[in-house]
Structures are given as C-alpha cells and as structure tokens.
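Peer 1: To start, I am sharing the structure in question, which I have written as structure tokens.
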C-alpha cells in the first residue's frame, strides 16, 4: 500500500518593525533563494510573493519537517543571505512571529491568485489589516496587543 499526503501551508511573515526593507528590484533573487531552500527540504513551492514589508509563501511541506522548523530555516537563512548581499542594504531581519495556516487543495487556485496579486492588494489595505483578516479567515482570534 502506498502512502498519501497533503500538507499545504500558507505562510506569512514580515520584516522587523514592518519596515519596507525588501527592495522590489531584487525580490526575484530573494524568491529564487527561498525556492532553493524549499526544494532542498523536499517540499514544493506553489507561489511566493510579497511587498516591501512582508512575504507570502504557499507550499506543500514535507511531512518529515515540523512547520516551526521549516519556517525558522527559511527566516534564518534568508536573513543571513539578505544581510550579506548588497541587494537589501536596509534589511535588519524578520519579525519574530509568523502566520502558518493549513489550507485545502481545493482552494489552491484562489490562494495562488491572492498571493500573486499582493502589489495590487496592498494599494488598498495595510499589512496589519490583511494579517488581521487572514487570522479571522483561518478561525484565529487576533491578539490586539500585536496590532497598532
């Protein structure tokens, strides 16, 4: 008998202080770096995108990896790389928290479109509003001490 699995995650994390330190002219280099990390973990990236102060990642995560370790590895590795490259001179790290939400494969097209359209989306709504809405959508009551 074969083993089957579905471990689709929508991951969101922001820069320290929500500062706009992800320069968009080098964002494809960052996305390629993250893609390599995810592939190295035998996981599949469906979509990555973001704006100057946060990223969204939609990935099928290898079940042998704990989500907290998966996200920590991405954040630590990219932080070191971003600080050592000349692409993101103002970047001073990622915020300590993150959002990690399990998703249904039946919603994959909607999620890919949502992540793909981050630039347009954030012309109308702030990261804080978006994040609060995501938490509520995924059935999580936001702790207001983390929202200005």
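Numbering (the working numbering), first residue to last: 129 to 276.
Glycine included, each C-beta is placed from N, C-alpha and C at the ideal position.
Source: prediction; values computed, not measured.
Ignore the nearest five residues each way along the sequence and tell me which others in residue 198's own chain have a CB closer than 7 Å to its CB.
Peer 2: Walking along the chain shown from the start, residue 198 turns up at place 70. Counting only Cβ-Cβ distances below 7 Å, and skipping sequence neighbours, we find 169 and 189.
Peer 1: Would you call the CB atoms of residue 139 and residue 206 closer than 8 Å?
Peer 2: Here the question's residue 139 lines up with position 11 in the chain shown. Here the question's residue 206 lines up with position 78 in the chain shown. For residue 139 and residue 206, no; Cβs fall outside 8 Å.
Peer 1: Looking at residue 211 and residue 141, is the spacing between their C-beta atoms short of 8 Å?
Peer 2: As a working note, residue 141 is residue 13 in the chain shown. As a working note, residue 211 is residue 83 in the chain shown. For residue 141 and residue 211, no; Cβs fall outside 8 Å.
Peer 1: Could you say which of 191, 164, 150 and 251 lies nearest to residue 131 if we only look at CA atoms?
Peer 2: To locate residue 131, count along the chain shown from 1; it is residue 3. Closest option to residue 131, Cα to Cα, is 191.
Peer 1: Smallest Cα separation from residue 177: which of 263, 201 and 157?
Peer 2: Here residue 177 corresponds to residue number 49 of the chain shown, with the count starting at 1. Checked all of 263, 201 and 157; the closest Cα to residue 177 is 157.
Peer 1: Give me the Cα-Cα distance between residue 216 and residue 209, rounded to the nearest whole angstrom.
Peer 2: Numbered from 1 along the chain shown, position 88 holds the residue referred to as residue 216. Numbered from 1 along the chain shown, position 81 holds the residue referred to as residue 209. It is roughly 9 Å from the alpha-carbon of residue 216 to the alpha-carbon of residue 209.
Peer 1: Could you tell me the alpha carbon to alpha carbon distance between residue 148 and residue 255, rounded to whole angstroms?
Peer 2: The residue given as residue 148 occupies position 20 in the chain shown. The residue given as residue 255 occupies position 127 in the chain shown. So the two alpha carbons sit approximately 11 Å from each other.
Peer 1: Taking buried to mean at least 16 other C-beta atoms within 10 Å of its own C-beta, is residue 226 buried or exposed?
Peer 2: As a first step, residue 226 is located in the chain shown; it is residue number 98 there, counting from the start. Label assigned to residue 226: buried.
Peer 1: In the DSSP assignment, the beta strand (DSSP E) including residue 227 goes from what residue to what residue?
Peer 2: Here residue 227 is taken as the residue at index 99 of the chain shown, counted from 1. It spans 227-231 - the beta strand (DSSP E) in which residue 227 sits, taken as one unbroken run.
Peer 1: Apart from the five residues just before and just after residue 133, which ones in its own chain have a Cβ nearer than 8 Å to its Cβ?
Peer 2: Within the chain shown, the letter at position 5 stands for residue 133. If we look at residue 133 and ignore the five residues flanking it on each side, its Cβ neighbours are 191.
Peer 1: Kindly indicate the opening and closing residues of the beta strand (DSSP E) around residue 177.
Peer 2: Counting from one through the chain shown, the residue named residue 177 turns up at place 49. Segment 172-179, the beta strand (DSSP E) holding residue 177.
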